[in-house]
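Contents: one structure, followed by commentary.
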Amino acid sequence: MSSLFAGSTEPRHVVTLSGGKDSTALALYLRERNPDVAYEYVFCDTHKELPETYEYLDRIEARLDRPITRLASKHGERGFDHYLKLYGGFLPSPSARWCTRQLKIEPFERHVGDDPTLLYVGIRADENRGGYISTKPNIRAVFPFREDGLGRTDVMRILEQSGVGLPNYYQWRSRSGCYFCFFQRRGEWVRLRENHPDLYKKAKAYEKEDQGYTWVQNESLTQIEDPDRKAAILDHEAKDRARRAARRRPDRLTQAFGFEAPDDEDDGCLICHK
-2 MSSLFAGSTE PRHVVTLSGG KDSTALALYL RERNPDVAYE YVFCDTHKEL PETYEYLDRI
58 EARLDRPITR LASKHGERGF DHYLKLYGGF LPSPSARWCT RQLKIEPFER HVGDDPTLLY
118 VGIRADENRG GYISTKPNIR AVFPFREDGL GRTDVMRILE QSGVGLPNYY QWRSRSGCYF
178 CFFQRRGEWV RLRENHPDLY KKAKAYEKED QGYTWVQNES LTQIEDPDRK AAILDHEAKD
238 RARRAARRRP DRLTQAFGFE APDDEDDGCL ICHK
């Protein structure tokens, strides 16, 4: 790996964690495979995460027996709101992901500075997607799962055998990320309101319906919480889940949680993956 960089300086080995299943499995896999490597574990904290995410990070940290460094933007807990103001109240979206740049990528790149760094990313061999690739010449992305041919089944096996398991938000949500992540499915917004009504209320307060600034395209959170709309969303989701379940035999962890952990997300924060 060191040959990726000019000179004799030993690179830093950094594993970014998202609080999701794949990045967690990667950290566990690398720790077991290369116990002598001084891996650094980092989590880019937006301060807008779910409580379940922080609980899961504590669980991971205990299993790794190594600290997980929490990184934040230059503005700390005010980070998201600071940048939202700079962007004129324009909420981030799949086509304008300023939150990823300001709250994930920049804190990470500031953390490693100009040090030669190998960044380990948990993209699996059975996924057809890219990941965060830094434009900085001192950072090189490495994809161990892809290189070693490990897929979703392997990830679930690693999590089960380690005892870490899945994060508790998989009981009602299919992805890691901020509580107001715009990649959430409508049904997940409904369950956010059920599981964390305070966070749903905060997310709704960010919307400006009159300007078209909503988390979900063409629909506000006020509309989603309408009883009739909520029922329609959950009915559609149940039918879709049944179709997907018929195509694939669920693993033991998914069965235990009663909710399908994602196997092919092609979105989310690229720097940490899911």
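At position 11 of the sequence shown (counting the first as 1) the number is 8 in the numbering used here, and the numbers step up by one without a gap. All C-beta atoms in this analysis are idealised placements derived from N, C-alpha and C, irrespective of residue type, glycine included.
7 Å Cβ cutoff met for residue i and residue j
i: alanine 22; j: valine 139; result: no
i: threonine 150; j: isoleucine 136; result: no
i: lysine 101; j: cysteine 41; result: yes
i: proline 164; j: glutamate 74; result: no
i: valine 39; j: leucine 68; result: yes
i: tyrosine 197; j: arginine 190; result: yes
i: valine 11; j: leucine 147; result: no
Residue from the options whose Cα sits closest to the Cα of residue i
i: isoleucine 155; options: Val109, Leu27, Ser15 and Glu206; result: Leu27
i: glycine 184; options: Ala229, Tyr203 and Gly160; result: Ala229
i: glutamate 7; options: Val187, Gly86, Asp112 and His233; result: Asp112
i: aspartate 144; options: Val213, His108, Thr66 and Ile120; result: Rather than aspartate, the amino acid found at residue 144 in this sequence is glutamate. The option with the nearest alpha carbon to glutamate 144 is Ile120.
i: leucine 81; options: Ala59, Arg63, Tyr203 and Pro224; result: Tyr203
i: aspartate 123; options: His108, Gly76, Pro134 and Phe142; result: Phe142
i: valine 161; options: Tyr51, Ala59 and Val118; result: Ala59
i: isoleucine 65; options: Ala24, Phe180 and Glu103; result: Ala24
i: asparagine 192; options: Thr211, Tyr167, Val213 and Asn215; result: Tyr167
i: glutamate 106; options: Lys205, Thr13, Trp212 and Gln214; result: Thr13
i: threonine 211; options: Tyr51, Asp232, Trp186 and Gly76; result: Trp186
i: glycine 209; options: Asp19, Gly76, Phe87 and Arg63; result: Phe87
Coarse secondary structure for residue i, derived from DSSP in three states
i: lysine 205; result: strand
i: phenylalanine 140; result: coil
i: arginine 30; result: helix
i: alanine 124; result: The sequence as given places glutamate at residue 124; alanine does not occur at that position. Looking at glutamate 124 - three-state DSSP - the assignment turns out to be coil, as it is neither helix nor strand.
i: glutamate 46; result: strand
i: serine 217; result: coil
i: glutamate 103; result: helix
i: threonine 13; result: strand
i: phenylalanine 77; result: helix
i: cysteine 96; result: helix
i: leucine 115; result: strand
i: arginine 67; result: strand
Alpha-carbon to alpha-carbon, residue j and residue i
i: proline 89; j: glutamate 46; result: 16 Å
i: aspartate 55; j: arginine 94; result: 28 Å
i: lysine 71; j: arginine 240; result: 45 Å
i: tyrosine 36; j: tyrosine 84; result: 36 Å
i: lysine 133; j: arginine 98; result: 14 Å
i: arginine 182; j: glutamate 29; result: 35 Å
i: glutamine 220; j: arginine 226; result: 7 Å
i: alanine 243; j: glutamate 234; result: 14 Å
i: serine 15; j: serine 173; result: 6 Å
i: arginine 223; j: serine 217; result: According to the sequence shown, residue 223 is aspartate rather than arginine. Aspartate 223 and serine 217: Cα-Cα distance of roughly 10 Å.
i: aspartate 207; j: glutamate 157; result: 47 Å
i: lysine 199; j: valine 34; result: 42 Å
i: valine 109; j: proline 91; result: 27 Å
Neighbour flag for residue i against chain B, beta carbons, 7 Å
i: tyrosine 51; result: Note that chain B does not occur in the displayed structure, where there is just one protein chain.
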